[in-house]
Every structure is written in structure tokens, then in C-alpha cells.
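Numbering (the numbering used here), first residue to last: 98 to 288.
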């Protein structure tokens with residue numbers, strides 16, 4: 098949804114409530130594909146956060162608090178949302194003089210022990226999102242090297258006409274999001 102002014106909290110609540118009942122706009126939202134379906138862009142970004150169990154625990158805590166969305170040009174609504182399958186959130190972005198409000202629903206939670214300790218979630222876009230696709234946010238602790246990583250894997254394509262027309266800008270915004278999200282996670286685990 099594209100808006101000329103920042104929506105009120107009530108408008109945001111109504112938007113999330115209406116989107117919550119809808120199915121994912123992409124049938125692959127439950128997947129963890131490494132290959133892109135035809136017509137989709139895949140972005141895979143990773144940053145090393147440090148070493149050891151304590152860093153992994155801090156990273157998991159930061160992910161559960163949605164710290165990966167903690168930067169000035171974007172707002173996650175609502176940051177107290179519980180990380181569990183079915184949770185619906187919205188992302189409010191201010192860019193180029195207008196606002197965009199996009200909803201996603203958590204498709205699954207990742208909590209694996211072997212072969213790599215991994216915690217995270219996959220969320221998929223809902224019908225009123227400018228993009229169609231899914232994104233995986235995960236922290237991984239490779240016990241063989243003791244290193245902890247934050248990993249973002251996104252698979253998307255434009256869903257709305259304005260996103261298609263502004264595709265180069267949309268791609269730049271996606272890259273900016275990944276960069277800022279990785280930096281937010283680094284800040285969160287170093288506190």
C-alpha cells in the first residue's frame with residue numbers, strides 16, 4: 098500500500114488485521130529454496146557476528162526482538178509481535194516523499210540443532226505487499242569453527258505496478274535493507 102502521508106496507528110492496525118486473514122501472495126513462502134523460481138530475484142547476505150554460544154544467544158534474542166529491523170528509515174509494526182508461525186507484521190517505509198506499508202506473515206520458525214545450530218524464521222508476503230516472495234532471517238552457530246553468522250535469504254519479484262515501474266529503485270532498497278539489517282544485528286549482539 099502506497100500513501101502520501103504516514104498512516105495512523107489505527108489505519109495500520111486495520112491494514113494488518115485485513116491482511117492477517119489472507120493467504121501468502123507467493124506459494125513458495127513455506128520453502129527454503131536456494132534457487133530462484135523463474136522471474137524472481139534471489140539475494141543472499143551473511144555477516145559474521147562473532148564466536149561462541151554467548152554470541153549465538155545474543156543474536157537469537159535480538160532476532161526475537163526484531164532488532165534486524167531497527168534502523169531510521171523503516172519501522173516494523175509491531176516490534177512486540179511474537180516470533181511464531183502465523184504472526185502478521187507490517188513494515189512501514191518512508192522513501193521518495195511517500196510511505197509504503199507492506200504486510201508479511203511468518204510461514205515457519207526455524208529452530209535446529211544439527212548439523213548447525215540455527216534459529217530464525219521465514220516470512221512470506223501478503224497480497225497488498227509491493228513485492229511477492231519470501232525472506233528467511235536466521236542466526237547460525239557453526240560449532241566446528243565456533244563462528245556465529247546472521248544470514249538473510251530473500252526471493253522476490255514485483256507484485257504491484259509501482260514496484261514494477263520502479264524496479265531499479267526497488268532493488269536498491271532491498272540491498273539497502275540487507276546492509277542495514279546486518280549492521281543492526283551487529284550492534285545488537287555487541288551491546
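All residues carry an ideal CB built from backbone N, CA and C; glycine is no exception. Computed from a predicted structure; not experimentally measured.
By the 10 Å Cβ neighbour count, where 16 or more other Cβ atoms means buried, how is residue 210 classified, buried or exposed?
-> exposed
Reducing DSSP to helix, strand and coil, say where residue 184 ends up.
-> coil
Whole beta strand (DSSP E) runs in the segment 185-263 with 3 or more residues, listed along the chain?
-> 185-192, 195-209, 214-222, 228-239, 244-255
Through-space distance from residue 255 to residue 180, alpha-carbon basis = 26 Å
Determine the direct distance from the alpha carbon of residue 241 to that of residue 225, and round the result to whole angstroms.
-> 43 Å
Is residue 101 helix, strand or coil by DSSP?
-> coil
Using the Cα positions of residue 185 and residue 149, report the straight-line distance between them to the nearest angstrom.
-> 32 Å
Would you tell me roughly how many angstroms separate the C-alpha atoms of residue 108 and residue 285, rounded to the nearest one?
-> 30 Å
Identify which residue in 259, 205, 167 has its Cα closest to the Cα of residue 275.
-> 167
Opposite residue 144 in the DSSP bridges: which residues?
-> 247
Where does residue 208 land, buried or exposed, given buried means 16+ other C-beta within 10 angstroms?
-> exposed
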